[in-house]
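If you count the sequence shown from 1, position 49 lands on 50 in the working numbering, and the numbers rise without skipping.
Ideal Cβ placement from N, Cα and C applies to all residues, glycine included.
Predicted model, so just to flag it, every value in this text is computed and none were measured.
So the structure is just underneath, and the comments pick up after that.
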Amino acid sequence: MIRLPFPPAALSGHAKGHWRGKSSVTAKWRAWAKAAALAAKVTAPDQGDIVVRIRFVPPNRRGDRVNFGNRCKPIFDGIADALKVNDSRFVPLYEYAEPEAPGRLEIEVHAL
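Spelled out as structure tokens, the structure:
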């Protein structure tokens, strides 16, 4: 299982500001996700769909659960980098837990 901190609103598609300011945050999260996937020794099948189950444990009740998935794009990219696959094979499944500070993501990767 991959565990990461809860992603910030800055990764949301609705985040305001210049793209350059957002790109450093995006790159950091992509690198964290790749490192976490490598550390967890996640594997993927050579072909077919790959299920990526994400359990959101938000730090509080603020935020819009509909947008939580948007924050995960750099995380998907980092996991794909670690697996050396195209993230178009990913089938994301989202679960939402009750808030628990400081918040986290719990991610499982497996064949469909």
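Can you give the Cα-Cα distance for Pro93 and Phe69, rounded to whole angstroms? 12 Å
Since Leu12 sits in a beta bridge, which residues does DSSP pair it with? Answer is none; Leu12 lacks a bridge partner.
With DSSP run on the structure shown, which of helix, strand or coil describes Phe69? helix
If you compare alpha carbons, which of Asn87, Ala32, Gln48, Pro9 is closest to Gly1? Because the chain here runs from 2 to 113, residue 1 falls outside it and cannot be looked at.
If you pair each beta-carbon of the stretch 73-92 with each one of the stretch 25-45, do three or more pairs fall below 8 Å? yes
Beta-carbon spacing of Pro100, Ala28 below 9 Å: no
How about Leu5: is its Cβ closer than 8 Å to a heavy atom in the ligand SAH? Absence of the ligand SAH from the depicted structure is noted, as is the absence of any ligand whatsoever, leaving it without description.
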